[in-house]
Every structure is written in structure tokens, then in C-alpha cells.
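Read through the structure below, which is laid out as C-alpha cells, and then see the notes.
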Amino acid sequence: MNVARYWRTEKTRYGLVGETCRICGEPIFPPRDLCPHCTEAGQDVRTFGGKGEVYSFSTVNDAPAGYSEYTPYTVALIKLQEGPLLTAQLTDVDEPDVHIGMPVEMVTRKLKEEGENGMIVYGYKFRPVIQA
Amino acid sequence: MKPSREVGIVGYGAYVPRYRLPASEVSRVWTGGHGGVPVDEKSVPGLDEDTATIAIEAARNALLRSEVDPGDLRSVWVGSESHPYAVKPTGTIVAEAIGATPAVSVADWQFACKAGTEALQAAFALVGSSMADYAMAIGADTAQGRPGDALEYTAAAGGAAFVVGAREQSLAYLEASYSYVTDTPDFFRRPYRHYPEHGGRFTGEPAYFKHITAAVQALLEELGYKPTDFAAAVFHQPNVKFPQRVAQILGFNKDQLKAGLLAGQVGNTYAAAAMLGLTAALDVAKPGDRILMASFGSGAGSDAFSFVVTDVACERQARAPSTQAYIARRAPVDYALYTRYRRKLQMQ
Amino acid sequence: MRDVSIIGIGQTDVGERWERSLRDLAVDAVVAAMKDSHAERVDALYVGNMLSGELTAQEHLGTLIADWSGLGGAEAYKVEAADASGAAAVRLAYLGVASGIHDFVIACGVEKTTDADAETTNAAWSYGTDAEYEGNQGITMPSMAGLLMRRYMHEFSVAHEDLAPFAVIAHANGANNPHAMFRSPISAAVYAKAGMVADPVGMFDAAPLCDGAAAVLLCPTEVANRFASRPVRIRASAAASDRLAIHSRNDPLFLRAAHLSAERAYMQAGVAPHELDLFELHDAFSILAALSLEACGFAGRGKAAELAKQGVFDLQGKTPICTMGGLKARGHPIAASGVYQIVEVVQQLRGEAGANQIEAHLGMAQSLGGTGATAITHILEA
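Chains as they are written, first to last, in my numbering: chain A, 1 to 132; chain B, 133 to 480; chain C, 481 to 862.
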């Protein structure tokens, strides 16, 4: 059973938990031991707000093993409001409606299942913003 | 039943998946389009949704409205009959995702369609006993009905979450709650079975109607209220007719039902059904409104609650998407896509 | 540092090589490279390969290939840098000879992708991305290229059909390469009509994964004439890396590693881009061809497609690219591609490029790993 590697990054995946560099102040996502901006060690945990916009997107028709049951799905680069860019699937949207600059928000969804007997891997995806 | 410390709902949140299966699609496939249908359409979860993801979004909305720090929650309790794991709590996933771990009590609750309201009742008790300042209770489900069965028209998906706290901080405070339970096997699912069994018309009189009326009547008696004292009444809603009829039996009118009767548009969201009705009613409630909620869980029992809306309700309503906003976000699917989304296709 | 030359080249036919195994292909290429020179010994063998463990359950590949190629005793191991694995093997071979530690070194690139089903191969190829923050989201290499291509089209107002020349050039040139997987020219109209692999990446924007192996034999330039009639000098060998994940790069449309490794190579060789007679670039996706040209100084930002349309990169143009079909038409046997590029530049410099022969004295090959996080550049001279 392959659980430790999913468990280790759970907080980051479930809720966009990243970091702020204590040295240079830059927001960091995904979190790293050494700041990608100033290469110094020393970060504070920071939960990102989950709002952003589509920076680019593409459709997966031929999925890698483990993701085939979800095809076709859209993957995107998301520019978070706080600055970092990240890679995530879009969900609850039809691809013709997606455009660069589209406001999106983070949701926690199933990324994949490790087979019928294995664990369910949850993580962030993004969808069009639902107005309150 | 009433806790010694006065308590209430500090935040609430709803979630309904985007997809809808019109009941006409089920009847097209199984009855040639003949016969009546119990709802207009039902919600269908997407391929990447399950009870945990639904609960997480409802919980986040409840936190947004409450403005409570998730680290201050002392319970994350999830009621459902469709937990993603047979063994392994849904609640830990939800609690981790919303940032409520680790100083928190987490449990999955089970009592068919009233699994969520019993968690809510216990959350009131937890705060009411002063063991906690804040507690969260969630009802969420991705229900399945056997293809062609009457339940297939209605078995739907949705979730509702509540942050419970002291009355002074509440947007609706609890007046009292009452539970009425007997051993009545009107509906059940044995281990390892995919679809539930139900007693057909036996699910009506001796089950749904008897338990809800008994619970509500006892609650009204305890509080000394008449149906006319309530601005809104929300009942478990396996279809549209049952809540309408139970309201009529108890003496509530259609206007009182209106805000919280969602089954026609979303189907039966099981553990979420009554709670989702309550979120919809709270979305449009005004200070001073008294709201009744009565759930029903097969097996069987009913939990009834009486709430009074406070002055802070209006400002909190707008902090998260309304239940109707989720209902309005709809993408219809046909029966073929539905069978794929609900994994009814034999792939191996 | 000693000057280094290539004295032998070998390549197998590229395609779905059902009858040849991973080791068969590698041995074919190594033996061909040996036969192409008069060298009698090999001190070291570096095998560039990405997926032998994942797709054929074979690791310890360097030693296996040394053993089966009759190079028993030689220093041997596998080198991995995703799609740039083969080019990395060439660079290690170069370093080995240049440093004076070895005299005769073979670099072989090999990939066998058809021993696994498409889902497995798709997944394995994507292991070259950040597994926890890209791979976990179900991305594939074509969809990663799609992210770059969509943004490129958006930022530089480039239409999908504007990128057609890259596929058209590759297929035109591949038609005359007997080793190429695809040997039919295509028109811009055919390109435009093709189905989508990962929107906006169409079928002709994506090089085919396939099987193949290529090898080169290196020795010190001072003795190269004794072992080959037309040795080819390695004027520069340079590598660079970028942030692995696209989302971590400051400017995703600028291939920093490609730029850095090209600049280092230009500096080492003392040449400028306009002095190069050909450029074998990494057109695993047409967007990568455009971005490579822009990163290496052959086109301004957002201008590569326009120049391609003007014929600048045709065989008859100023800087021909993909002269033997590129990854697109010759085929992209992942790790092998980087060595095929070197072999093809050598063919051009020796005057062995057949119908696609151009007047060439100085040629460059650049191989990218993944979406450009690794870039390895070589400049060769006749």
C-alpha cells in the first residue's frame, strides 16, 4: 500500500497550504525547504486563499494510468491572487467555456483512486467562481 | 431536549453538485416515459466528487459565514450513508482539509437520512455542556438507487454543514430539539451491497409519517408552540409529496414549506436533505423568524429542532454562496452520462 | 582539456520496432557506431535512457548493453535526464574524453516505448515532470505542451495554423530519411484538419513516441584521423537546467535552460547563431520548436512561427532545422532523440545526408528534457 507519499503532502494538497519566505517575504507554493526566490531556508506556513485566474489550459484526452476514468479533463496553470502559479485540473466546467483570465476558485476533489482497494487521493482543483 | 447553556447556529454552509438528471430521463429509459415522477430532477455528483469533497465545501462555507477559526472547532462530525471508505473516517479528511486538526473530535455518523441531524444534535450538546465553544456537524451524501428502482429518480448528492456555538454568537439559536426513534426497518443496506432495499409503501405511514409527526408534535408540545408560530418549516424530503403531506398533517401551510423544500430541484440528498432545506431557509430568513426542521432517518427516527433567527443573520447570509446559487448552477446530463458519472458501467 | 571528435555514428530505424527489444536496439546502434570507425577498444559506454525500468523492467542498463555489445570490461552506466538522457550521455562521453580520463567512449541513446500499453507509457513519460505538483494532477506531456502553446498563442497573438510550418518542415525532411518513422510530407491544410491530442496541441504538433537507438563514438581530436576518414569535431558541449515545474518558472514562455546552454555553447565555440549552418532542435511539440528558436537567438520572442513561414528554417533557408525529419517525423524515441540529433548533424557535416544534404560546416543540436527544464547543446564542426 502506497500511502506515506500522499499523506506527507496532504495539507498542501487539501487546502493550498504553502509558505511565506521569512527572509525575502515572497509567497511560496508549493512549499519548499529552500525559498525558490532567495534560496534561504526559513519559511512560515501560509494558507493561500484559493482565488485566482486561468493563466493557460489544455485538455487531456489520453490520460496517464490512474486518470483514465476522468477523461476528457482540463489541466491549467492557475495564477493565484497572492502571486504563485500552480498546475491544477479545472473541474465543473466545460472546456469551451474556459478562457485565459477566467476567475477561478479552489475546491478539494478526488484526484484519483489507487484502484478499487487502494486509497483515494484528494487534492486541489479549480472551478469557475460561484458568486455568494 | 435543551442544553443547560444556550446554543445556536453560528455559521451554515451548503453544497450541491453541478450535474442534474431530469426524472424524465429515468422514466424514458425504464417506463417508456409513462407514469408520474417524484421530482423534476436530481443532483448528480461529478466523477471527482464524493461525500468527503461535498462535506469539505459545505464546511468551508459554514466557516466563511461563522468567521470561526477552524482550529477552534472541537468537533467535525459527518453524517452520511455513503462514506467513501467502509473503514476510515470521512471526518478526518474534512477536518484536515478545513484546517481543524488536530485538537478536534472527529467521527462519522450513521442513521440513514438523519445521520447529519443526529450529529447536529450532538454538536449542540457538546457546546451546550460547555465542553466546547464551537462544534461542526455535517450531513452529506452521494446516494445511489438501483437502476430502474423508484429510488433512482430521487437518490441525489449534496451536503450541508453547521458551526454550532454559544447563543450570543449565533445567527439562529436553538430553542429545543426532540428525537423520536423506534426499530422500524423500512429501508436498509446490508454490508458489501451497492444498492439499498426498501419496503415500498411501508416507508410511508409507519416510517416517515409516524416518526416525523411524533417528533414534531412532541417538540411543539414541549415548547408550547403552534404551527403558526413558525415562519418556515423544513422536513426530510425524499420527494416533493412526503414533506408536503406531513406538513399538512401537522398543520403547516405551503408558504412555510416554500423556502426549504428543494427536493423537486435536487432530489433526495439523504443525510443532507433536511439540513440543506434549513440552509436554504436560513438564506432568506429575517431576524425573529422561527424555523422548524425535522429530519427522518430510516430504521427509523426523526430529530426535530426549533430555531429563532437573530439580528446577525443577514450579514452572514452573504458571506458564502447561497443554497439557491448552487441549485441555479446546473448542467443537465442524460441517462447515459449519468450511468458513467455514477459508475454504473461495468469496466472490467 | 583535450579537443574531442566524433569518429563513429550508428542509428536504427525509428518506429514501432515490435521484433527488436530494448537491448537489441541499443546493441544495433552501438555495433553500427563501432563499425563506422576503426577504433578497436572502448573505454566507457554511457547509455542515455529514461524509461527502461518503468516500461521493460530493466535497469542496470549500461552494463547490460556493454555486455551484449561485446564491450565487456568497459565502464558502463545509464544516464537519465528525461527526454534529454541521450544528449546527457553524449555530454558525459565528451567530458570523459576531454578530461583525458578516457580515449574512446560511446554514448548511446535508446528507448523502447512499445513494450507497454499506451496508458503506462503516457504516465511514465510524464514522470519527467514534478510528480507531486504536476504529475499528481493527471497531466501528460502533450497537455504540458498545450499549456505552453495556449499561452504562447495568447501572448503573441499567434494562431494555431501559424505553427504549421514546424510540422511541415519536419515531415518534408523526414520523407528523405530512410531511418525516419514518418516518410510522407504533409501540407498546412492537413496540419490544420488533424484531430487534437491535447487541445491546442494537434496530432501534427506532437512527435510520436516510438522505439529507436542511436550511438556515437568519441575520441581525442588529435588521433581522430587515424580512426575515421571524416571525423567531426565537437566545438562545444554545454548543459543547463531550469525550474523543473513550468509553474515555478518566472516566465514560462522563455526556455531559460535552452538559452543558457546555447549561450554557453556559443561562448565555448566562439560562434554566433547566424554562423550555424543547421540546428537540430527538440521539436517534441511544435511549441517547443518555436520556444527553442527564440531561446537560442534564432528568432525574437513570439516571432519564430513568422520566420518559419518565411522559409528561414527550410532546408534551403538560412538556418535549416530538423534536417532529417526532427523528432516530429523521424520519431521521438525519448532518450534516443538527443543522440539521433548528433548523428544527423554528423551526417550533414560529413556530406552523408542524401537528398537532404545541405552545405554545412558548423551545426548545432539541442535536446530538451521534459518541457525544457534540462537543455543540452552541442556544436559540431566538419
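Note that the Cβ used here is the ideal one computed from N, Cα and C, for glycine as well.
Computed from a predicted structure; not experimentally measured.
When the Cα of residue i is compared with those of the options, which residue comes out closest?
i	options	result
residue 732 (chain C)	C:510, C:581 and C:634	C:634
residue 851 (chain C)	C:757, C:606 and C:612	C:606
residue 666 (chain C)	C:649, C:678 and C:676	C:649
residue 317 (chain B)	B:227, B:391, B:218 and B:331	B:331
residue 480 (chain B)	A:7, A:8 and A:69	A:69
residue 674 (chain C)	C:570, C:573, C:691 and C:641	C:641
residue 742 (chain C)	C:639, C:697, C:854 and C:699	C:854
residue 85 (chain A)	A:40, A:30, A:20 and A:58	A:30
residue 534 (chain C)	C:781, C:574, C:841 and C:591	C:591
residue 226 (chain B)	B:207, B:213 and B:218	B:207
residue 632 (chain C)	A:58, A:15, A:13 and A:16	A:58
residue 67 (chain A)	B:139, B:180, B:198 and B:467	B:180
residue 309 (chain B)	B:285, B:434, B:155 and B:153	B:434
residue 3 (chain A)	A:130, A:94, A:122 and A:129	A:122
residue 106 (chain A)	A:77, A:115, A:120 and A:113	A:77
residue 359 (chain B)	B:345, B:265, B:183 and B:267	B:345
residue 689 (chain C)	C:695, C:487, C:763 and C:705	C:763
residue 404 (chain B)	B:137, B:136, B:145 and B:134	B:145
residue 205 (chain B)	B:475, B:263 and B:184	B:263
residue 103 (chain A)	A:119, A:41 and A:52	A:52
residue 488 (chain C)	C:823, C:861 and C:837	C:823
residue 366 (chain B)	B:425, B:133, B:249 and B:431	B:425
residue 172 (chain B)	B:423, B:235, B:284 and B:139	B:284
residue 490 (chain C)	C:835, C:820, C:846 and C:837	C:820
Would you call residue i buried or exposed, if buried means 16 or more other Cβ atoms sit within 10 Å of its Cβ?
i	result
residue 730 (chain C)	exposed
residue 324 (chain B)	exposed
residue 620 (chain C)	buried
residue 521 (chain C)	exposed
residue 21 (chain A)	buried
residue 464 (chain B)	exposed
residue 706 (chain C)	exposed
residue 614 (chain C)	buried
residue 132 (chain A)	exposed
residue 481 (chain C)	exposed
residue 661 (chain C)	buried
residue 238 (chain B)	buried
residue 618 (chain C)	buried
| said: I'd like the ranges of any alpha helix (DSSP H) spanning at least 4 consecutive residues and lying wholly in the region 766 to 831 of chain C. | reply: 766 to 775, 784 to 789, 806 to 810 and 817 to 830
| message | Quick check on the DSSP output: what are the complete alpha helix (DSSP H) runs of length 4 or more inside the region 143 to 225 of chain B, in order along the chain? | response | 155 to 162 and 183 to 198
| message | Can you pull out the residues from the region 656 to 690 of chain C whose beta carbon lies closer than 8 Å to at least one beta carbon of chain A? | response | 676, 677, 678, 679, 680 and 681
| field | Selection of the region 107 to 118 of chain A by Cβ proximity to chain B, strictly under 7 Å | value | 107, 108, 109 and 110
| field | Sequence ranges, beta strand (DSSP E) only - wholly within the region 53 to 129 of chain A, length at least 3 | value | 73 to 80, 85 to 90, 103 to 113 and 120 to 128
| Every unbroken beta strand (DSSP E) inside the region 699 to 748 of chain C [3 residues or more] | 712 to 721
| query | Between the region 674 to 689 of chain C and the region 500 to 507 of chain C, do three or more beta carbon pairs fall short of 8 Å? | reply | no
| query | Are three or more beta carbon pairs between the region 595 to 603 of chain C and the region 702 to 717 of chain C nearer than 8 Å? | reply | Counting Cβ pairs under 8 Å, fewer than three are found: no touch.
| Completely contained alpha helix (DSSP H) runs for the region 401 to 427 of chain B, where each covers 4 or more residues | 405 to 415
| task | Scan the region 605 to 629 of chain C for residues whose Cβ lies nearer than 7 Å to a Cβ of chain A and list them as they occur along the chain. | result | 606, 612, 613, 614, 616, 617, 618, 619, 620, 623, 626 and 627
| Inter-stretch contact (C-beta, 8 Å, three-pair minimum) for the region 257 to 271 of chain B and the region 155 to 171 of chain B | Contact between the region 257 to 271 of chain B and the region 155 to 171 of chain B is not established, with fewer than three Cβ pairs separated by less than 8 Å.
| request: Give the residues from the region 443 to 459 of chain B that approach chain A closer than 8 Å (Cβ to any Cβ), ordered along the chain. | output: 450, 451, 452, 453, 454, 457 and 458
| task | Select from the region 222 to 239 of chain B all residues with a C-beta closer than 8 Å to any C-beta belonging to chain A, and list them in chain order. | result | Per Cβ criterion, the list reads 225, 228, 229, 230 and 231.
| said: Short of 8 Å Cβ to Cβ, which residues in the region 32 to 62 of chain A face chain B? | reply: 47
| message | Assess contact between the region 243 to 255 of chain B and the region 384 to 394 of chain B, defined as three or more Cβ pairs (one per stretch) separated by less than 8 Å. Is contact present? | response | no
| message | Short of 8 Å Cβ to Cβ, which residues in the region 267 to 286 of chain B face chain A? | response | none
| message | Any contact between the region 696 to 705 of chain C and the region 828 to 838 of chain C? By contact I mean 3 or more CB pairs, one from each, below 8 Å. | response | Judged by Cβ distances under 8 Å, the region 696 to 705 of chain C makes no contact with the region 828 to 838 of chain C, as fewer than three pairs qualify.
| Ranges of the beta strand (DSSP E) found wholly within the region 602 to 656 of chain C, counting only runs of at least 3 | none
| request: Report the residues of the region 180 to 197 of chain B with a CB closer than 7 Å to any CB of chain A, ordered along the chain. | output: 180, 181, 182, 184, 185, 188 and 189
| Taking three-plus beta-carbon pairs below 8 Å as touching, is the region 464 to 476 of chain B in contact with the region 552 to 570 of chain C? | no
| query | Which of the residues in the region 586 to 604 of chain C, read from start to end, lie with their CB under 7 Å from any CB of chain A? | reply | Cβ proximity to chain A below 7 Å picks out 598, 599, 600, 602 and 603 from the region 586 to 604 of chain C.
| said: Between the region 407 to 421 of chain B and the region 436 to 454 of chain B, can you find at least three pairs of beta-carbon atoms closer than 8 Å? | reply: yes
| request: Taking only beta carbons into account, state which residues of the region 764 to 792 of chain C come closer than 7 Å to chain A, listed in chain order. | output: none
| field | Contained alpha helix (DSSP H) runs [length at least 4] in the region 547 to 584 of chain C, N- to C-terminal order | value | 565 to 578
| request: Identify each residue in the region 713 to 737 of chain C for which the Cβ-Cβ distance to at least one residue of chain A is less than 9 Å, and report them in chain order. | output: 723, 725, 726, 727, 728, 729 and 732
| request: May I ask you to list, following chain order, the residues of the region 207 to 218 of chain B that have a beta carbon less than 9 Å from some beta carbon of chain A? | output: Within the region 207 to 218 of chain B, the residues whose Cβ lies closer than 9 Å to some Cβ of chain A are 216 and 217, listed in chain order.
| task | Kindly confirm or deny that the region 37 to 45 of chain A and the region 573 to 589 of chain C touch, where touching means at least three C-beta pairs closer than 8 Å. | result | Verdict: no, contact absent.
| field | Where the region 631 to 658 of chain C meets chain A: residues whose CB sits under 7 Å from a CB there | value | 631 and 634
| Taking contact to mean at least 3 C-beta pairs separated by less than 8 Å, is the region 559 to 572 of chain C in contact with the region 513 to 520 of chain C? | no
| field | Whole beta strand (DSSP E) elements within the region 347 to 410 of chain B, 3-residue minimum | value | 364 to 367
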